[in-house]
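For the protein sequence lines, the chains are P and V, in the order given. The opening position of the first sequence corresponds to residue 532 in our numbering, with each subsequent residue numbered one higher. The opening position of the second sequence corresponds to residue 1262 in our numbering, with each subsequent residue numbered one higher.
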Amino acid sequence: MSISPPVTPPAFALHGVRLERAGVRVLDDVSLDIPDGQVTALIGPSGAGKSSLLRLLNRLDDPDAGEIRCRGRPVVDMPVRQLRRQAGFVFQTPVMFPGTVRENLEVAANIGDLPAAEVSNRVVESMGLAELDTALADRAADRLSVGEKQRANIARALMTGPEILLMDEPTASLDPETAERLGRTIRHLSTACGVTIVLATHRLKEAKAVCTFVVMLDGGHVVEAGPASALFEESAHPRLRAFLERVG
Amino acid sequence: MSALLQAGQVDARPIIELSWLDLTLAAGLILIAFGLSRWRGVGLGRDVVVGAIRSVVQLVLVGYVLVYIFAIDRWYLVVAALLLMLVVATKTAVDRQDKPNRELLGIVGVAMLIGSGLTLIYVGAAVVRTDPWYDPRYLIPLFGMIVGNAMNAAALAAERLAGEVAARRAEIEAYLALGASPVRAAQDAVRKAIRASMIPMVNSLMVVGIVALPGMMTGQIIAGASPLTAVRYQIVVMFMLMAAVAVTGTLVALWYRKTFFTPAEQLRYEAG
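Rendered as structure tokens:
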């Protein structure tokens, strides 16, 4: 008798997802599996629906139709705070709370009900994972550079111990060199810590360097999805090729 | 000591009655404001005149209504008058908002009913101890002051909260994305809204008697009451207004906050 290996459900499975904003269809009949344990890039032109899709994954918004499952479980059946702690979110423009970097991270620990004795260690650990210099811990958060703020936001998202990180254009406001360094950090989070990452990006170079799975969106539709190497090298889809030639 | 006692005695001189001619002479003061507005092109000349006419009509009407209520002396008439004041104040507070709606009307109405009603009951039953309990000579003027201040507190709290939520949208969503409750996510916005609603009254507590003599105290003194009696009433008034403002502003901010979030703890798309 042969025993088949257990099938790992995708990190997220979307089926027939539709989202409208002010009468405009932002996402239309999106069906998609986002694999677990990988770095997935959502690519596509502006207005393609990348950020809107990302916001649906930890229920900052809900779709008007369709279903989203997180590791096999409908997200609407999960306690929303538990889902959000499990799937952390990093915004395009870093948002710092009042106070120091340490206080920013402690806020997240308190929200995540982390035992008080573990908070200090987790702060150091999260800053380390986000490759944010621990000497900045006691600096006023609003005095950090944009790159440091984005790393602080990643560290803060890591404080709740997420298994998934959703990142909305995290390098958009960074210079190319800083963006490349942050890209390496993101890759490291996935390979060394096993965090599943879903990343909306308009930087094709970043998607190629960092991501293992790619989803191309255009006009609220999924154009193509698949392993990064196959998609970038072999896909013959005309819209994908046109996009790659335009931004590549 | 004797001087103090004398100051505490009621002035026996009769109050100076004002005739319609006296009021016409007072209207000259409005003409000054009207003239200045026209002279400098401020654009408020018409409003000054309309406001003056409205104030005459409204005050004369309320004068006759009060005479009627005092003469009939029935509890249900007093309660009806208080409720009417509450309804008008609620509508005024909500109409001042950028986005007035039925939900906010309900929130402000209930918050003002609790904030103003509880304060009036406490002052009437425990402090002034009116007899009969519905004595309109006390309840109506006291409630007028309470509800006027509660109305301002409700309007300020709602307006500030909407502004804070719009300005702090990114921050609130960052809290929610970490798994925070809407209460935590909007905590700073709610705090600012409550603060905004209470600050004018706190400022009044600080300067009362120094910068200005309040209307009720002035009225009592003109009516012949001892300044010391008037002061005691004014102390009660200031304390009751502070309580009514704090309760109303807090309730409006806490309840209105809920309307900015969906049941799934999302900041509403149209919020702010």
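Note that the Cβ used here is the ideal one computed from N, Cα and C, for glycine as well. Quick caveat, the model's predicted, so the values are computed rather than measured.
Would you decide whether residue i is buried or exposed? Buried here means 16 or more other CB atoms lie within 10 Å of its CB.
{"i": "residue 1281 of chain V", "result": "exposed"}
{"i": "residue 739 of chain P", "result": "buried"}
{"i": "residue 600 of chain P", "result": "buried"}
{"i": "residue 714 of chain P", "result": "buried"}
{"i": "residue 652 of chain P", "result": "exposed"}
{"i": "residue 1496 of chain V", "result": "exposed"}
{"i": "residue 1329 of chain V", "result": "exposed"}
{"i": "residue 681 of chain P", "result": "buried"}
{"i": "residue 721 of chain P", "result": "buried"}
{"i": "residue 1436 of chain V", "result": "buried"}
{"i": "residue 1373 of chain V", "result": "buried"}
{"i": "residue 1316 of chain V", "result": "exposed"}
{"i": "residue 1312 of chain V", "result": "exposed"}
{"i": "residue 657 of chain P", "result": "buried"}
{"i": "residue 1344 of chain V", "result": "exposed"}
{"i": "residue 619 of chain P", "result": "buried"}
{"i": "residue 710 of chain P", "result": "buried"}
{"i": "residue 1531 of chain V", "result": "exposed"}
{"i": "residue 616 of chain P", "result": "buried"}
{"i": "residue 717 of chain P", "result": "buried"}
{"i": "residue 1484 of chain V", "result": "exposed"}
{"i": "residue 686 of chain P", "result": "buried"}
{"i": "residue 1450 of chain V", "result": "buried"}
{"i": "residue 1502 of chain V", "result": "buried"}
What would DSSP say about residue i, mapped onto helix, strand or coil?
{"i": "residue 770 of chain P", "result": "helix"}
{"i": "residue 516 of chain P", "result": "Shown here, chain P extends from 532 to 779; a query on residue 516 of chain P therefore has no answer."}
{"i": "residue 1388 of chain V", "result": "helix"}
{"i": "residue 1377 of chain V", "result": "helix"}
{"i": "residue 605 of chain P", "result": "strand"}
{"i": "residue 549 of chain P", "result": "strand"}
{"i": "residue 630 of chain P", "result": "coil"}
{"i": "residue 525 of chain P", "result": "Residue 525 of chain P lies beyond the stretch modelled for chain P, which goes from 532 to 779, so this question has no answer here."}
{"i": "residue 697 of chain P", "result": "strand"}
{"i": "residue 1335 of chain V", "result": "coil"}
{"i": "residue 1492 of chain V", "result": "helix"}
{"i": "residue 1534 of chain V", "result": "With chain V covering 1262 to 1533 only, the question about residue 1534 of chain V has no answer from this structure."}
{"i": "residue 1449 of chain V", "result": "helix"}
{"i": "residue 563 of chain P", "result": "strand"}
{"i": "residue 744 of chain P", "result": "strand"}
{"i": "residue 1510 of chain V", "result": "helix"}
{"i": "residue 674 of chain P", "result": "helix"}
{"i": "residue 756 of chain P", "result": "strand"}
{"i": "residue 775 of chain P", "result": "helix"}
{"i": "residue 762 of chain P", "result": "helix"}
{"i": "residue 1521 of chain V", "result": "coil"}
{"i": "residue 1351 of chain V", "result": "helix"}
{"i": "residue 624 of chain P", "result": "coil"}
{"i": "residue 580 of chain P", "result": "coil"}
{"i": "residue 1266 of chain V", "result": "Note that residue 1266 of chain V scores 42 on pLDDT, short of 50, meaning its location in the model is unreliable; the coordinates nonetheless yield the value given after this. Residue 1266 of chain V: helix per DSSP, three-state reduction."}
{"i": "residue 574 of chain P", "result": "strand"}
{"i": "residue 1315 of chain V", "result": "helix"}
{"i": "residue 1484 of chain V", "result": "coil"}
{"i": "residue 1214 of chain V", "result": "The question about residue 1214 of chain V has no answer here: the residues shown for chain V are numbered 1262 through 1533."}
{"i": "residue 600 of chain P", "result": "strand"}
{"i": "residue 1302 of chain V", "result": "coil"}
{"i": "residue 538 of chain P", "result": "coil"}
Against chain B, with Cβ distances strictly below 9 Å, would residue i count as a contact?
{"i": "residue 600 of chain P", "result": "Among the protein chains in the structure shown, which are P and V, there is no chain B."}
Any contact of the stretch 1310-1328 of chain V with the stretch 1383-1392 of chain V, i.e. 3+ C-beta pairs under 8 Å?
no
Name the residues in the stretch 576-592 of chain P whose C-beta lies less than 8 Å from a C-beta of chain V; which are they?
589, 590, 591 and 592
Would you call the stretch 1404-1414 of chain V in contact with the stretch 1484-1491 of chain V, where contact means no fewer than 3 C-beta pairs closer than 8 Å?
no
Continuous beta strand (DSSP E) assignments of at least 3 residues falling wholly in the stretch 710-735 of chain P
727-731
Would you check if the stretch 1503-1517 of chain V and the stretch 1451-1460 of chain V touch, i.e. whether three or more CB-CB distances between them fall below 8 Å?
yes
Taking beta-carbon pairs under 7 Å, can you tell me which members of the stretch 639-651 of chain P lie near chain V?
639, 642 and 643
Is there contact here, the stretch 1356-1368 of chain V with the stretch 1517-1528 of chain V, by at least three beta-carbon pairs under 8 Å?
yes
Within 8 Å of chain V by C-beta, residues of the stretch 538-559 of chain P in sequence order:
552
Any contact between the stretch 624-636 of chain P and the stretch 576-596 of chain P? By contact I mean 3 or more CB pairs, one from each, below 8 Å.
no
Which residues, in chain order, does the stretch 1413-1440 of chain V contribute to contact with chain P at a C-beta distance below 9 Å?
1431, 1432, 1434, 1435, 1436, 1437, 1438, 1439 and 1440
For the stretch 563-573 of chain P and the stretch 589-596 of chain P, state whether three or more C-beta atom pairs, one from each stretch, are separated by less than 8 Å.
no
With three or more C-beta pairs closer than 8 Å as the rule, is the stretch 1480-1489 of chain V touching the stretch 1389-1397 of chain V?
no
Any chance the stretch 544-555 of chain P sits against the stretch 606-622 of chain P, with 3 or more Cβ pairs inside 8 Å?
no
For the stretch 615-628 of chain P, which residues have a CB atom closer than 8 Å to at least one CB atom of chain V, in sequence order?
615, 616, 619, 620, 622, 624, 626 and 628
Chain V contacts from the stretch 730-753 of chain P (Cβ-Cβ distance under 9 Å):
none
Taking contact to mean at least 3 C-beta pairs separated by less than 8 Å, is the stretch 722-734 of chain P in contact with the stretch 762-769 of chain P?
no
Going along the chain, which residues of the stretch 1346-1366 of chain V sit with their C-beta nearer than 8 Å to a C-beta in chain P?
none
Could you please tell me which residues of the stretch 1507-1528 of chain V, in chain order, have their CB closer than 9 Å to any CB of chain P?
1523, 1525, 1526, 1527 and 1528
Taking only beta carbons into account, state which residues of the stretch 1445-1459 of chain V come closer than 9 Å to chain P, listed in chain order.
1445 and 1449
Determine, using beta-carbon pairs with one atom in the stretch 697-710 of chain P and one in the stretch 619-629 of chain P, whether at least three such pairs fall under 8 Å.
yes
Within the chosen definition, does the stretch 1416-1432 of chain V reach the stretch 1467-1478 of chain V through at least 3 CB pairs nearer than 8 Å?
no
Would you list, in chain order, the members of the stretch 1323-1337 of chain V that have their beta-carbon closer than 9 Å to a beta-carbon of chain P?
none
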